[in-house]
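Residue numbers (numbering that gives the first Met the number 0): 0 to 568. Backbone N, C-alpha and C fix where the C-beta goes; we use that ideal spot for every residue, glycine too. One structure is given below, encoded as structure tokens.
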Amino acid sequence: MNFRRSILLFIPVFIALVNSAVVVNDGDVDQQGLYSKSDRVDILTNRNFERKLYGQKHAIVVQFYNSYCGHCRAFAPRFKAMAGEITPWKNIVSLAVLDCSVEENNEICRQFEVMAYPSLRYLHEFYVKGNGNVGDKILIAESAEKLKSQLIAKMQSEQSAGRLPAAPKFNIESYSTYSAALKDVPSDINYTFLVLENGNSTVGSELALDVNDYPHVRVKRVYDTSEVANTAKIQQFPGVVAVTSSLEPTTLTTKEPSKENLLRAMNTYLKSKNYAFPTRDKGSQEIISNEHSDDKPVTLNTDLVYYTDLEKTLKTSLHTEITRFKTLTGEPLQALLDYLDVLITSFPARGNLKEYLMDLYNTLRTRNSWSGSEVYELVKRLETNHAPVYTTNNLEYIRCKGSQPKFRGYTCGLWTLFHTLTVNAAQKPESSGGPKVLKAMHGYVKHFFGCTDCAQHFQAMAARNRIFDVKENDKAVLWLWIAHNEVNLRLAGDVTEDPEHPKIQFPTVGRCPECRLARGAWNLPAVFQYLQNVYGADNIQVMRRARSSATAASPFSNLDIGMLSLLYM
Numbered sequence: 000m001n002f003r004r005s006i007l008l009f010i011p012v013f014i015a016l017v018n019s020a021v022v023v024n025d026g027d028v029d030q031q032g033l034y035s036k037s038d039r040v041d042i043l044t045n046r047n048f049e050r051k052l053y054g055q056k057h058a059i060v061v062q063f064y065n066s067y068c069g070h071c072r073a074f075a076p077r078f079k080a081m082a083g084e085i086t087p088w089k090n091i092v093s094l095a096v097l098d099c100s101v102e103e104n105n106e107i108c109r110q111f112e113v114m115a116y117p118s119l120r121y122l123h124e125f126y127v128k129g130n131g132n133v134g135d136k137i138l139i140a141e142s143a144e145k146l147k148s149q150l151i152a153k154m155q156s157e158q159s160a161g162r163l164p165a166a167p168k169f170n171i172e173s174y175s176t177y178s179a180a181l182k183d184v185p186s187d188i189n190y191t192f193l194v195l196e197n198g199n200s201t202v203g204s205e206l207a208l209d210v211n212d213y214p215h216v217r218v219k220r221v222y223d224t225s226e227v228a229n230t231a232k233i234q235q236f237p238g239v240v241a242v243t244s245s246l247e248p249t250t251l252t253t254k255e256p257s258k259e260n261l262l263r264a265m266n267t268y269l270k271s272k273n274y275a276f277p278t279r280d281k282g283s284q285e286i287i288s289n290e291h292s293d294d295k296p297v298t299l300n301t302d303l304v305y306y307t308d309l310e311k312t313l314k315t316s317l318h319t320e321i322t323r324f325k326t327l328t329g330e331p332l333q334a335l336l337d338y339l340d341v342l343i344t345s346f347p348a349r350g351n352l353k354e355y356l357m358d359l360y361n362t363l364r365t366r367n368s369w370s371g372s373e374v375y376e377l378v379k380r381l382e383t384n385h386a387p388v389y390t391t392n393n394l395e396y397i398r399c400k401g402s403q404p405k406f407r408g409y410t411c412g413l414w415t416l417f418h419t420l421t422v423n424a425a426q427k428p429e430s431s432g433g434p435k436v437l438k439a440m441h442g443y444v445k446h447f448f449g450c451t452d453c454a455q456h457f458q459a460m461a462a463r464n465r466i467f468d469v470k471e472n473d474k475a476v477l478w479l480w481i482a483h484n485e486v487n488l489r490l491a492g493d494v495t496e497d498p499e500h501p502k503i504q505f506p507t508v509g510r511c512p513e514c515r516l517a518r519g520a521w522n523l524p525a526v527f528q529y530l531q532n533v534y535g536a537d538n539i540q541v542m543r544r545a546r547s548s549a550t551a552a553s554p555f556s557n558l559d560i561g562m563l564s565l566l567y568m
């Protein structure tokens, strides 16, 4: 048989083998949103959620977050720090995360009634799926230590209710002698550490969790008012006494009675006894991933607005933000209708987008209540009916692209969208579209924007700067510019700031020399013209290219410069 014939005979066999191969996709991913596997958290997706969450032998704390939420980005280092610290607790409680900004995860976030980001939910062991089973809320804390204390307090409460059978005992008792303290300790325990503290302390419970995998070791909480405390001559609390199975006590001393120092003293004591410590998984080294890492630095003209940025922002808002309500009715439904209304009248839509938005608006008006799932299915169905709605299926940010995936993106796009709406509304002087845009923006941010902390800041600023007192189009344009610069000023240097795109007061002198007066004060008529030139429909770019030097004629009207100047101060 010649070589050519052998190859021809082999090809059908090879194709059959490939076609019969089964590729297992269990939904597990190495990275999503703000977290990777190296952060010691389980990354949940719509495909692995039920498998990883329900029926587990240990409790789980789930963080529902939104990867473009500034508060979520600021909270992530705290959550990661706690995850690293409680790794030894993994057989008792583990941490997991779900990014609600991922469209495929949105239904889960709706079912768990997540309306604020980030949100923490505690799910006890052997948790079952069911209506109303959405876990117990845990408050967001300002540090990893406080977050850990809240978790321990919850676990103490759970154990008191008869749950957490795999956890060490968290109860606290009084003892007069060492023998009384060790009376209920199993015979295979060689070393018992008595942690003397007050009833509200979580140090003893934390130490018990930290060494829960130490063979032949037990930690017991003891009231610091017990006679044992006097016997041990402990001078500061919390304090620890190590007691062997033969009732030989050793009081452990530390400079400061912190949990870390006490744990170090316990380990030092065990080393002195030639104790064989358990082997723990150190975890893999963190892999820094950056989806833009292969890109060469690109300097973009920040005065350009790209249509793909607007489309991607709009699609994200319709797919993941307006659909997050379990039930949409009343004020939130009206806010959605107002948002769609200004999109229809003031967005520089191309192709079939406007007809799609009108159909969505008219359909939603027909009922007083919708479920989030119904809204999502409607959005998808009407997209199909009016296809193509967007200029490309693979929408990516250009001007709003951050130096890393966690920076800029949707939040930048949302500012760009509303600037575009106010400017294009102002180009229709016969209407009062600008103030309508501000009203719609206020309603959208209040009810739908996925960063709860950001939304609260915006509402406070809007009230302070009298957003509903703006009655003219040109004033609406400048009101939003003032608000944007105020937010930039507040967030400059914040952990959420992209180091390659610092939050500055815009426009810069380099971009608009005429926008500044002699002593640096703003020249508001020139700023208005600048915003018209940047966000006007005729200047929006389809793709990355050089901008024309042509400028649009200014529709600048009589402007109460004094009022706007006061707002900016």
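Item                                                                                                                                                                        : Value
Taking the DSSP output, what are the residues bridged to residue 135?                                                                                                       : 121
Quick one, are the C-beta atoms of residue 326 and residue 370 less than 7 Å apart?                                                                                         : yes
For residue 41, which residues does DSSP report across the bridge?                                                                                                          : 95
Assuming residue 57 and residue 90 are in contact, meaning their beta carbons sit under 8 Å apart, how far apart are those beta carbons, in whole angstroms?                : 6 Å
So, residue 31 versus residue 98, is the Cβ gap smaller than 7 Å?                                                                                                           : yes
By DSSP, does residue 216 sit in helix, in strand, or in coil?                                                                                                              : strand
State the start and end residues of the unbroken alpha helix (DSSP H) segment that holds residue 531.                                                                       : 523-534
Tell me whether the beta-carbon of residue 422 lies closer than 7 Å to the beta-carbon of residue 486.                                                                      : no
In this structure, how does DSSP classify residue 261 when only helix, strand and coil are distinguished?                                                                   : helix
Just reading off the beta strand (DSSP E) that residue 190 is part of, what are its end residues?                                                                           : 190-196
My understanding is that residue 213 touches residue 277, with C-beta atoms under 8 Å, so please give their C-beta distance in whole angstroms.                             : 6 Å
Taking buried to mean at least 16 other C-beta atoms within 10 Å of its own C-beta, is residue 273 buried or exposed?                                                       : exposed
Reducing DSSP to helix, strand and coil, say where residue 467 ends up.                                                                                                     : helix
Enumerated in chain order, which unbroken segments of the beta strand (DSSP E) with a length of 3 residues or greater are wholly contained in the stretch 298-379?          : 326-328 and 368-370
Residue 320: buried (16+ other C-beta within 10 angstroms of its C-beta) or exposed?                                                                                        : buried
Please give me, in chain order, every unbroken run of the beta strand (DSSP E) with length at least 3 that falls completely inside the stretch 41-73.                       : 58-64
Along the chain, where does the alpha helix (DSSP H) containing residue 610 start, and where does it finish?                                                                : This structure gives no information on residue 610, because the portion of the chain shown stretches from 0 to 568.
Where do the ends of the beta strand (DSSP E) carrying residue 248 lie?                                                                                                     : 248-251
Is the beta carbon of residue 360 closer than 7 Å to that of residue 339?                                                                                                   : yes
Return the CA-CA distance between residue 317 and residue 483, expressed in angstroms with no decimal places.                                                               : 23 Å
Just confirm the distance between the C-beta atoms of residue 433 and residue 376, as a whole number of angstroms; I'd bet it's less than 8 Å.                              : Incorrect: roughly 34 Å between the Cβ atoms, too far for contact.
Cβ atoms of residue 137 and residue 569: under 7 Å apart, would you say?                                                                                                    : Outside the displayed span of the chain (0 to 568) sits residue 569, for which this structure offers no information.
Short check: CB of residue 67 to CB of residue 408, under 7 Å?                                                                                                              : yes
Measure how close the beta-carbons of residue 94 and residue 28 come, nearest whole angstrom, since I'm counting them as under 8 Å.                                         : About 16 Å separates the two Cβ atoms, so there is no contact after all.
Provide the residue(s) that pair with residue 239 in DSSP beta bridges, ordered along the chain.                                                                            : 194 and 251
Just to confirm my understanding: we take residue 394, look at its own chain, exclude 5 residues before and 5 after, and list those with CB closer than 7 Å. What are they? : 307, 310, 311 and 314
Is the stretch 442-455 touching the stretch 387-407 in the sense that three or more CB pairs, one from each, lie closer than 8 Å?                                           : no
Quick one: what does DSSP say residue 35 is sitting in, helix, strand or coil?                                                                                              : strand
Helix, strand or coil: how does DSSP classify residue 444 here?                                                                                                             : helix
Determine the DSSP secondary structure at residue 171, reduced to helix, strand or coil.                                                                                    : strand
Does DSSP classify residue 221 as helix, strand or coil?                                                                                                                    : strand
Tell me whether residue 258 is buried or exposed, calling it buried when 16 or more other Cβ atoms sit within 10 Å of its Cβ.                                               : buried
Can you round the beta-carbon distance between residue 73 and residue 495 to whole angstroms, since I take them to be within the 8 Å contact cut?                           : 6 Å
Does residue 515 come out as helix, strand or coil in the three-state DSSP assignment?                                                                                      : strand
Look up residue 77 in the DSSP assignment and say whether it is helix, strand or coil.                                                                                      : helix
Which same chain residues, not among the five before or five after residue 341, have their C-beta less than 6 Å away from its C-beta?                                       : 420, 435, 436 and 439
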